[in-house]
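Protein chains in written order, with the numbering used here: chain B, 886 to 1280; chain Z, 3 to 376. Ideal Cβ placement from N, Cα and C applies to all residues, glycine included. Notes for the one structure printed next.
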Amino acid sequence: MRAYLDHAATTPVLPQAVTAVAAELGHVGNPSSLHTAGRAARRRVEEHRERIAAALGARPSEVVFTASGTEADNLAVKGLYWSRSASDPRCRRVLVPAVEHHAVLDAAEWLATTQGADVQLLPVDGLGRLDLDALDAALAHEPDRIALVSVMWANNEVGTLQPVAEVVARAQRVGVPVHSDAVQAVGQVPVDVAASGVHALTVSGHKLGGPPGAAALLLRPDVAVTPLLHGGGQERDVRSGTLDTAGIAGLAVAVEAAVHEQPQRRARVAALREDLVARVASVVPDVLVHGDPDPEGRLPGVANLGFPGCEADALLMLLDARGVDCSTGSACSSGVAEPSHVLLAMGCDEHEATSALRFSLGWTSTAFDVDCLVAALPEALTRARAAGRLSLRGG
Amino acid sequence: MRVLAALSGGVDSAVAAARMADAGHEVTGVHLALSRTPAATRSGSRGCCSREDAHDARRVADVLDLPFYVWDVSERFQRAVVDDFVAQYAVGRTPNPCLRCNEQIKFAAVLDRALALGYDAVATGHYARREVHSDGTVTLHRAADLAKDQSYVLAVLTQQQLRHAAFPLGGDLKRAVRVEAATRGLAVAGKADSHDICFIPDGDTAGFLADALGSAPGPVVDGRSGRVLGRHQGVHGFTVGQRRGLALAEPAPDGRPRYVLGLSPVDRTVTVGPREDLAVAGAWTGAPVWCGGEPVLPLDVRAQYRAHGEAVAAQVSSADRAAGGSQPAEAAGLSVSFTVPQLGVAPGQTIAFYTGDGGEQALGSATIVGTWRP
Chain B
886 MRAYLDHAAT TPVLPQAVTA VAAELGHVGN PSSLHTAGRA ARRRVEEHRE
936 RIAAALGARP SEVVFTASGT EADNLAVKGL YWSRSASDPR CRRVLVPAVE
986 HHAVLDAAEW LATTQGADVQ LLPVDGLGRL DLDALDAALA HEPDRIALVS
1036 VMWANNEVGT LQPVAEVVAR AQRVGVPVHS DAVQAVGQVP VDVAASGVHA
1086 LTVSGHKLGG PPGAAALLLR PDVAVTPLLH GGGQERDVRS GTLDTAGIAG
1136 LAVAVEAAVH EQPQRRARVA ALREDLVARV ASVVPDVLVH GDPDPEGRLP
1186 GVANLGFPGC EADALLMLLD ARGVDCSTGS ACSSGVAEPS HVLLAMGCDE
1236 HEATSALRFS LGWTSTAFDV DCLVAALPEA LTRARAAGRL SLRGG
Chain Z
3 MRVLAALSGG VDSAVAAARM ADAGHEVTGV HLALSRTPAA TRSGSRGCCS
53 REDAHDARRV ADVLDLPFYV WDVSERFQRA VVDDFVAQYA VGRTPNPCLR
103 CNEQIKFAAV LDRALALGYD AVATGHYARR EVHSDGTVTL HRAADLAKDQ
153 SYVLAVLTQQ QLRHAAFPLG GDLKRAVRVE AATRGLAVAG KADSHDICFI
203 PDGDTAGFLA DALGSAPGPV VDGRSGRVLG RHQGVHGFTV GQRRGLALAE
253 PAPDGRPRYV LGLSPVDRTV TVGPREDLAV AGAWTGAPVW CGGEPVLPLD
303 VRAQYRAHGE AVAAQVSSAD RAAGGSQPAE AAGLSVSFTV PQLGVAPGQT
353 IAFYTGDGGE QALGSATIVG TWRP
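Structure below.
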């Protein structure tokens, strides 16, 4: 038996979502077709849309289906920028916290390098939380030139929740739309789109028990975005492409279940995480715990732990060999572990940013997973620390 | 044994890893990322630096059911291999980067880390043989496939490094290795061999050096008359023994081709002359690396000074006992006298020493720092 401690990367698909996907695959019909089969498919899609909207405090018309969280983030960031800069050419500023996911950061960076955007990375504190004073200062300076603010609901690497409500309140005062990447948050903590006041919000199926390849951007109808994809005009002309009816069915079932079970799951997973952190600290006294320690200020299942004196990729490999799956911050396309941009933004030095691992628990996690980690860690850490003095980078 | 198999994405390292796994070892595949900005796909004859190669390595590990990781050695590779390559050319020398990579990366940084992580050996797809003797010492030998033999670029390894190396392909012909790869269902079975220099994907070494070193024009001088025959854009564009590309307006008086005889980066001079003036009787080297302890000198050997060159009869002695010529100040190593004068021996080249009898066992190597004429 292996311990899967990487639910923030992807989490097992719920059995009821598997059933829903399989059932939908048994039907024929393009939801855009005018005949009976098409209408039937369209009806099922619309029912799923309504269920997703209801679970997330949104209106059905706000749900724009996409093929990934990354696509939804790109649609929000690029689409809002293009739309607002088209109506006012001076409107070219994009404000994003430095700890955003690459789906937002790299989209913004692309806008800066190729589309004339002026991207401002906002600083965070030592817990990874956006510095609201810095946001205030940024918003006070020529707010009519700000195209958008994008702030994640919860950080994927350290789990810290962002002050989305405070960001929305401030942005609203100066008329700037806010996008939030809530990929890590939905199903983990309460997320209500209408109550939050965000203009656009990203949700992804495979992070909450749905199938990969099914995601959505919840987009207020009064917010204009320029599409990334052109074609058949599906999804109110915002996102062309034949709808993935099976993925959408699985997404709907999973979102509904994740939101419904969120309070109990949060309590159970948070307790497991506390146990994990305490027991790792008992065998590794100098372990660093990154992110907000307050259970109210963080995702329940993410534990980002720093192991001084070793390189995270070596420790990952040794834990993998001992049956534990976990994650370094992020890896480039060829699989090389990079220093975590999140930890660097939080004030960690280069060494700390390359010596941390993320353990993330989810709906299938049990005490057994924690037992496996605590059993495997001491020997793996001893070896990784021996190798840490022989860094491939340094010397 | 716990074995770390270096998977380049090519056919040789794939079969090497497969054989280690078949032999019952616990094998982990590692692809070494040598560049931070890899090209997307293979192009030309380049080696192992592209994303496509990383992908191919991963697919090999999948098929062999090995754990697989990518290790980022790009910074060390840049410093120890690429920067060194450029620096050597800048001072008029002709280095071999593959050899430097084995010495500084594969069997140093990577091996050291592997040992610390609990592995016993690093396995590669090099064509060379190791022999383990009853007293535990390990000797390095030429591969059975002499056309593919890579013992020259491994003759920089110390006894300690050799003990923790594995070259599972040394006893076979390349042809058989390809067949075996196909039989094992490895998609890389038909992949083209890598040759040339992996970090110069388009094979344009002169262009790469020009980019790195810029233009440093100087005279092309006739070695006998001392007359200036032309101009060049930098000594790094030339290697000793080169005939083509001299672009001299004035032909030699006897009409015979001229060759590069020497490079002097200090006064930016390229010296040229007839083929017979290339001949050297011997070479001084820097400090040698002996694969198994230091042998008793002087010693009759077969000496090889190019990766795919022939090994020729020579006698090796300590530089302080050298005869002939005036040795350079930096010659703290050996003096190598060729039985028959050699053409195209240049500073910066590594000279590998093989046993004098059959010439099969590599004894060690050293870098040439100077030569003397017959």
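Cβ shell of Y307 (chain Z) (< 6 Å), same chain only, five flanking positions each side left out: V347, Q351 and I353
What does R226 (chain Z) touch in chain B if you count any residue whose Cβ is under 7 Å from its own? Going along chain B, no residue has its Cβ under 7 Å from R226 (chain Z), so there is no contact; the nearest lies around 48 Å.
Which same chain residues, not among the five before or five after L1203 (chain B), have their C-beta less than 7 Å away from its C-beta? A1265, R1268 and A1269, listed in sequence order.
Interface partners of L1277 (chain B) on chain Z, CB under 7 Å: W73, D74, V75, R78, A111 and R115
Between V1154 (chain B) and V1187 (chain B), what straight-line distance do the alpha-carbon atoms span, to the nearest angstrom? 9 Å
First and last residue of the beta strand (DSSP E) that includes D74 (chain Z)? D74 (chain Z) -> beta strand (DSSP E) spans F70 to D74.
Of the residues Z:G239, Z:T207 and Z:D206, the one placed nearest P221 (chain Z), counting alpha carbons only: Z:G239
Coil, strand or helix - D24 (chain Z) by DSSP: helix
Name the chain Z residues whose beta carbon is nearer than 8 Å to that of M1202 (chain B)? T30, P69, Y71 and L119
At least three beta-carbon pairs within less than 8 Å, the segment 79-89 of chain Z to the segment 1154-1169 of chain B: no
May I ask you to report which of helix, strand or coil DSSP gives Q1119 (chain B)? coil
Are three or more beta carbon pairs between the segment 1135-1150 of chain B and the segment 892-912 of chain B nearer than 8 Å? yes
Compare the beta carbon distance of S66 (chain Z) and V32 (chain Z) with 9 Å and say whether it is the shorter of the two. Looking at the sequence shown, residue 66 (chain Z) is not Ser but Leu. Result no, Cβ atoms of L66 (chain Z) and V32 (chain Z) do not sit closer than 9 Å.
Skipping 5 residues on each side, what residues in its chain have a beta carbon closer than 6 Å to that of R1030 (chain B)? The answer, listed in chain order, is R975, C976 and R978.
Rounding to the nearest angstrom, what Cα-Cα distance links T43 (chain Z) and S320 (chain Z) in this structure? For T43 (chain Z), the predicted structure reports a pLDDT of 49, less than 50, and the residue's modelled location is therefore unreliable. A value from the coordinates is still provided. Rounded to whole angstroms, T43 (chain Z) to S320 (chain Z) spans 48 Å at the Cα level.
Starting from the Cα of T96 (chain Z), find the closest Cα among Z:Q344, Z:V242 and Z:K176 and give me that residue. Z:V242
Do A191 (chain Z) and V29 (chain Z) have their C-beta atoms closer together than 9 Å? no
Does D1234 (chain B) have its Cβ less than 9 Å from a Cβ in chain Z? Chain Z places no beta carbon closer than 9 Å to that of D1234 (chain B), leaving this residue out of the contacts.
Anything in chain B within Cβ reach of A212 (chain Z), meaning under 8 Å, just list it in chain order. Chain B residues near A212 (chain Z): none, gap ~28 Å exceeds 8 Å.
Of the choices B:V1078, B:G1001, B:G1247 and B:A1206, whose alpha-carbon is the least far from that of A1067 (chain B)? When each option's Cα is compared against that of A1067 (chain B), the closest is B:V1078.
Using beta-carbon positions only, say whether V984 (chain B) and G942 (chain B) come within less than 9 Å of one another. no
Are the beta-carbon atoms of R1183 (chain B) and V1043 (chain B) separated by less than 9 Å? Remark: C-beta atoms of R1183 (chain B) and V1043 (chain B) approach each other more closely than 9 Å.
Return the first residue and the last residue of the alpha helix (DSSP H) that P1263 (chain B) is part of. Under the DSSP assignment, P1263 (chain B) falls in the alpha helix (DSSP H) whose first and last residues are A1252 to G1273.
Can you grab the Cα-Cα spacing for the pair G247 (chain Z) / Y261 (chain Z), in whole Å? Separation of G247 (chain Z) and Y261 (chain Z) (C-alpha to C-alpha, rounded to the nearest whole angstrom) is 10 Å.
Kindly say whether A35 (chain Z), judged by its beta-carbon, lies nearer than 9 Å to any beta-carbon of chain B. yes
What whole-angstrom Cβ distance do L1190 (chain B) and V1174 (chain B) have, given they're in contact under 8 Å? Contact annotation, L1190 (chain B) with V1174 (chain B): C-beta distance approximately 6 Å; criterion of less than 8 Å satisfied.
Neighbour-count burial assignment, T955 (chain B), 16 or more Cβ in a 10 Å radius: buried
Straight-line Cα distance separating L1277 (chain B) from G361 (chain Z): Straight-line spacing of the CA atoms in G361 (chain Z) and L1277 (chain B) works out to 36 Å.
On the three-state DSSP scale, how would you describe E1196 (chain B)? coil
Return the residue from the list Z:P276, Z:F70 and Z:V62 that minimises the CA-CA distance to D1198 (chain B). The residue with the shortest Cα to Cα distance from D1198 (chain B) is Z:F70.
Could one say the Cβ of V1043 (chain B) lies closer than 9 Å to chain Z's Cβ atoms, at least one of them? Answer no: the Cβ-Cβ gap between V1043 (chain B) and chain Z never drops below 9 Å.
Cα separation between A971 (chain B) and A1032 (chain B)? Going from the Cα of A971 (chain B) to the Cα of A1032 (chain B) covers about 10 Å.
By DSSP, does D64 (chain Z) sit in helix, in strand, or in coil? helix
Quick check on the burial criterion: 16 or more other C-beta atoms within 10 angstroms. Buried or exposed for H912 (chain B)? With fewer than 16 neighbouring CB atoms inside 10 Å of its own CB, H912 (chain B) falls in the exposed class.
Strictly below 7 Å CB to CB, what residues from chain Z border V1221 (chain B)? A35, V72 and D74
Cβ atoms of L280 (chain Z) and V237 (chain Z): under 9 Å apart, would you say? no
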